[in-house]
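Written below as structure tokens is the structure these notes are about.
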Amino acid sequence: MKKEDTAAEAAKETPVPLPTHVAAGVSPEFAKLRVLDAETGKRIAHVLEADTEKGFVRRYAVEGGNFVREGSDLKVIEEERKVRLEWIGDAA
1 MKKEDTAAEA AKETPVPLPT HVAAGVSPEF AKLRVLDAET GKRIAHVLEA
51 DTEKGFVRRY AVEGGNFVRE GSDLKVIEEE RKVRLEWIGD AA
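Every letter in the sequence shown is one number past the one before it in full-length UniProt numbering, and letter 27, counting from 1, is 27.
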């Protein structure tokens, strides 16, 4: 067995730690993560930023399946909420 094969297999077995803070357009791993409500386990959609340590999430407001506008911008909701992050599929 080659040394490279052993290193590659070890990398697959070692999980990549989850970040505690992510933001769209800032965190390179953002697209590989799912944001969940820590108490219910339900997915939180349209997230712009989440912090598991501070317990907050910023997301777009959606009503009736449509984004809510405030003037020419989309409305953003900031919530104090316990959240957790998880990798989507084998993205880790």
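Built from N, CA and C at the ideal position, the CB exists for glycine as well.
- Between Glu49 and Ala24, the gap from beta carbon to beta carbon is short of 8 Å.
- Taking the Cα of Phe67 as reference, the smallest distance to any Cα among Leu85, Ala45, Trp87 and Glu29 is reached at Ala45.
- When the beta-carbon positions are compared, Lys75 and Arg81 stay at least 8 Å from each other.
- Around Leu36, the same chain offers Lys42, Arg43, Ile44, Val83, Arg84, Leu85 and Glu86 as residues with beta carbons nearer than 8 Å, after the five sequence neighbours per side are excluded.
- For Ala23, DSSP records a beta bridge to Glu49.
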